[in-house]
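Only one structure is covered here, and it is reproduced in the block below.
Numbering (UniProt numbering), first residue to last: 1 to 336.
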């Protein structure tokens, strides 16, 4: 491919793909940031999950759905009313897809919850009364039937008031195990959603560079900025649930891998392939729905379970939205 394809030099194609890879690596960088920060208390976990929810909610509704999905349907030739209607249908079709991903993540979470979790030595968790810990865990939405049974057993035992110290230790361990499994579940589900989201981003970055070098580089930088908190979303949940740094980074890396995969699709498009605006509209609509579902069902309830008095949840939810807004503004100003 010395001469490139369709008159484009191999050097320019290489730089375009390097931009895509750089944007994807930012997700891993975000994961490394979380690993470097020691687990202090429940508020840190709540802040991480709330920030993640803000990031995913804002980009899902404002950018992916309202911007990209509706926009691509409009560019395909549909009038505004039909473009919005079709984008909305795709958006809500993402919910059952997310439910299916939820079940898959649940299976993987059970398989991945064997290692010691940082929560096992969590100072603020062990300091809480038994009943409070149980209530926090129960408030996490979307618990599976085995989890709900475990929580019911703990609550019933706590109400008897006749436990020996060893019984109470066992109950604490049960509560922490359920909480750890739920965190792993959240992390895996977030990784799947981010992976689906990153693929079209990689495509957009590659094709954008082919259209305009300045636009492509600026878009890659802006995407990298918002990929950092997305990597933090994944690794924080997996790490706090398993206690394994390697596994947390692995899931962040797997989500990041789809960015260069999207770049390969972009390469195919540039070299003679084609993807219609309608296909883009459908894809972005589905991804927006999937990410919104995860934010509302997993991340926000998880944050509130660690922060029942809302000391940090709302603030960090807002902060996540502001960070995403700033990155999207940068992308908007990068457009030629």
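All C-beta atoms in this analysis are idealised placements derived from N, C-alpha and C, irrespective of residue type, glycine included. On a predicted model such as this, the values are computed, not experimentally measured, just so you know.
Excluding sequence positions up to five before and after residue 81, its CB lies less than 6 Å from no other CB in the same chain. Counted as a single uninterrupted DSSP element, the alpha helix (DSSP H) harbouring residue 51 occupies residues 42-58. Three or more beta-carbon pairs separated by less than 8 Å are not found between the stretch 279-287 and the stretch 48-55, which leaves the two stretches without contact. When Cβ pairs closer than 8 Å are counted between the two stretches, the stretch 63-70 is seen not to touch the stretch 243-256, the count staying below three. Pairing residue 249 with residue 21 gives a Cβ-Cβ distance that is not under 8 Å. Residue 230 and residue 92 have their C-alpha atoms roughly 22 Å apart. Per DSSP, residue 285 is one residue of the alpha helix (DSSP H) stretching across 277-294.
Apart from sequence neighbours up to five positions away, the residues of its chain that approach residue 321 with a beta-carbon distance below 8 Å are 54, 55, 57 and 58, ordered along the chain. If the five residues before and after residue 86 are omitted, its C-beta is found closer than 6 Å to the C-beta atoms of 73, all from its own chain and listed in chain order. Boundaries of the alpha helix (DSSP H) harbouring residue 21: 10-36, taken from the DSSP string.
By the beta-carbon neighbour count (other beta carbons within 10 angstroms, threshold 16), residue 77 is exposed. For residue 80, the secondary structure class from DSSP, reduced to helix, strand or coil, is helix. Of 281, 317, 307 and 308, the smallest CA-CA separation from residue 295 is found for 317.
Secondary structure note for residue 302: its alpha helix (DSSP H) is the uninterrupted segment 300-306.
For residue 312, there is no enclosing alpha helix (DSSP H), as DSSP gives it neither H nor E. Where residue 73 is concerned, the enclosing alpha helix (DSSP H) starts and stops at 70-75. Residue state for residue 243 is assigned as coil, using DSSP reduced to three classes.
Going by beta carbons, residue 206 and residue 18 fall outside the 8 Å limit. The DSSP-derived three-state label of residue 90 is helix.
Your pair residue 227 and residue 31 does not check out as a contact, with CB atoms roughly 10 Å apart and the cut at 8 Å.
One thing to note: residue 48 has its Cβ within 8 Å of the Cβ of residue 236. DSSP, read as helix, strand or coil, puts residue 326 in helix. In terms of Cβ geometry, residue 325 and residue 50 do not form a close pair [threshold 8 Å].
In this structure, residue 69 sits away from residue 291, with a CB-CB distance that is not shorter than 8 Å.
Taking a contact as a CB-CB distance under 8 Å, the pair residue 240 and residue 183 counts as one, their CB atoms being some 5 Å apart. Residue burial annotation: residue 100 is exposed, with fewer than 16 other C-beta atoms found within 10 angstroms of its C-beta. Distance check between residue 103 and each of 89, 232 and 186 places 186 closest, using alpha-carbon atoms only. From the listed residues 314, 244, 306 and 232, the smallest Cα separation to residue 25 is found for 232.
For a cut-off of 8 Å, the C-beta gap from residue 43 to residue 310 is around 11 Å, too long to register as a contact. Counting of Cβ neighbours within 10 angstroms places residue 90 among the buried residues, the total reaching 16 or more.
In terms of Cβ geometry, residue 315 and residue 263 do not form a close pair [threshold 8 Å].
Judged by beta-carbon spacing, residue 293 lies beyond the 8 Å limit of residue 88, meaning their Cβ atoms are not closer than that value. Between the alpha carbons of residue 14 and residue 266 lies a distance of about 12 Å. Taking the Cα positions, residue 188 is about 11 Å away from residue 247. Contact annotation: residue 327 and residue 194 have beta-carbon atoms that are not nearer than 8 Å.
A direct Cα-Cα distance of roughly 12 Å separates residue 279 from residue 71.
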